[in-house]
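In this note's numbering, the protein residues as written are -1 to 268. All remarks here apply to the structure that follows.
Below you can see the structure in the form of structure tokens.
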């Protein structure tokens, strides 16, 4: 009678006698270790074992044994993919944005960004050029901002014709702050940075110096910087500065914040 019903179906390791499906341990596949109950996503392999990471960031290694894991509650055998795809690193622009490949530059909007001079325009192009072309925003240099109020009026800003203005040395009590106060259109955003000139918005470390020279009041700032650093002409100094700027990491945070605000403002639909 003891063998009337054959072997005890619960005896032994019944789980491993079934036909267990094999599953590729692709990245981010969530499985549970059948013995310990540890549940996590596949994040890699180490010494022949699969590495799982749970939702708290804890990682554990498990050997790739038959039927050692549960997938959606069902036993599976994990196997290392024959050729694990290596995800391509996301390419970033000089501004730190994720590059959009295969997209043509947008036709220029009516909106514009104005900067104080050609040096400002060149530096903005160096860092934010890719972003501006995707957004269809043109940057135009001014010859200073003394006539800013009149130039803004002539531009005729509106819902679909926005204007952003980047101003050097925009600090409380400065001449620049008094001029900017005269611009009141809701379709114009004027912002800037605290540096005397856009040169100074470049980090000294990018140029291999400890700090920007202190120029005595009354002396033209660029000429004073050149004299202190032993450079004959401001044009030579500017070429050197621009050549050392490769990404947003080479300029100071106030300039970055100002430009990001301006791009967002002029690219916003009316």
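Note that CB positions come from ideal geometry on N, CA and C, so glycine has one too. Source: prediction; values computed, not measured.
Distance, Cα to Cα, residue i vs residue j?
{"i": "residue 179", "j": "residue 136", "result": "24 Å"}
{"i": "residue 166", "j": "residue 227", "result": "22 Å"}
{"i": "residue 249", "j": "residue 22", "result": "46 Å"}
{"i": "residue 256", "j": "residue 190", "result": "6 Å"}
{"i": "residue 216", "j": "residue 222", "result": "10 Å"}
{"i": "residue 56", "j": "residue 64", "result": "24 Å"}
{"i": "residue 253", "j": "residue 44", "result": "44 Å"}
{"i": "residue 80", "j": "residue 128", "result": "38 Å"}
{"i": "residue 213", "j": "residue 126", "result": "29 Å"}
{"i": "residue 263", "j": "residue 198", "result": "25 Å"}
{"i": "residue 131", "j": "residue 54", "result": "41 Å"}
{"i": "residue 68", "j": "residue 78", "result": "16 Å"}
{"i": "residue 145", "j": "residue 119", "result": "18 Å"}
{"i": "residue 229", "j": "residue 200", "result": "17 Å"}
{"i": "residue 26", "j": "residue 59", "result": "15 Å"}
{"i": "residue 33", "j": "residue 41", "result": "20 Å"}
{"i": "residue 220", "j": "residue 114", "result": "15 Å"}
{"i": "residue 139", "j": "residue 207", "result": "28 Å"}
{"i": "residue 244", "j": "residue 173", "result": "31 Å"}
{"i": "residue 46", "j": "residue 188", "result": "59 Å"}
{"i": "residue 171", "j": "residue 123", "result": "30 Å"}
From this set, the options, which residue's C-alpha is nearest residue i's C-alpha?
{"i": "residue 61", "options": "25, 69, 127 and 48", "result": "48"}
{"i": "residue 75", "options": "116, 30 and 220", "result": "30"}
{"i": "residue 196", "options": "262, 171, 251 and 77", "result": "251"}
{"i": "residue 193", "options": "183, 139, 211 and 206", "result": "211"}
{"i": "residue 107", "options": "116, 155, 69 and 139", "result": "155"}
{"i": "residue 72", "options": "19, 46 and 92", "result": "19"}
{"i": "residue 152", "options": "123, 186 and 132", "result": "186"}
{"i": "residue 218", "options": "206, 231 and 260", "result": "231"}
{"i": "residue 259", "options": "141, 161 and 173", "result": "161"}
{"i": "residue 28", "options": "46, 17 and 70", "result": "70"}
Which whole-angstrom value is the C-beta distance of residue i and residue j, which I expect to be below 8 Å?
{"i": "residue 38", "j": "residue 51", "result": "5 Å"}
{"i": "residue 164", "j": "residue 240", "result": "Actually they do not touch by this definition, with Cβ atoms about 17 Å apart."}
{"i": "residue 143", "j": "residue 111", "result": "About 13 Å; that fails the 8 Å criterion."}
{"i": "residue 147", "j": "residue 169", "result": "Between residue 169 and residue 147 the Cβ distance is about 19 Å, and since that is not below 8 Å, they are no contact."}
{"i": "residue 158", "j": "residue 236", "result": "That belief does not hold up - the Cβ atoms of residue 158 and residue 236 are roughly 35 Å apart, past 8 Å."}
Enumerate in chain order the residues of its own chain whose CB-to-CB distance from residue i is below 6 Å, with the five nearest sequence positions on each side excluded.
{"i": "residue 204", "result": "242 and 248"}
{"i": "residue 224", "result": "232 and 235"}
{"i": "residue 209", "result": "202"}
{"i": "residue 17", "result": "none"}
{"i": "residue 141", "result": "none"}
In chain order, what residues of the same chain have a beta carbon less than 7 Å from the beta carbon of residue i, not counting five sequence neighbours either side?
{"i": "residue 183", "result": "150 and 155"}
{"i": "residue 175", "result": "168 and 169"}
Please work out which residues of its chain come closer than 8 Å, Cβ to Cβ, to residue i, disregarding the five sequence neighbours upstream and downstream, and give them in chain order.
{"i": "residue 14", "result": "Interpretation of residue 14 is limited by its pLDDT of 48, a score under 50 that renders its predicted location unreliable; the figure taken from the coordinates is listed afterwards. Hits under 8 Å: 64 and 65."}
{"i": "residue 238", "result": "205 and 229"}
{"i": "residue 36", "result": "30, 50, 52, 58 and 60"}
{"i": "residue 109", "result": "135, 158, 159, 160, 161, 162, 264 and 265"}
{"i": "residue 1", "result": "Only weak support is given to the placement of residue 1: the predicted model assigns it a pLDDT of 47, under 50, and the question is left unresolved by the model."}
4-residue-minimum alpha helix (DSSP H) runs that sit fully inside the stretch 120 to 169, ordered along the chain:
146 to 153
Mind listing, in chain order, the continuous beta strand (DSSP E) runs of no fewer than 3 residues lying wholly within the stretch 164 to 212?
186 to 190
What are the start and end residues of each continuous beta strand (DSSP E) run of 3 or more residues lying completely inside the stretch 27 to 51, in chain order?
28 to 31, 37 to 44 and 47 to 51
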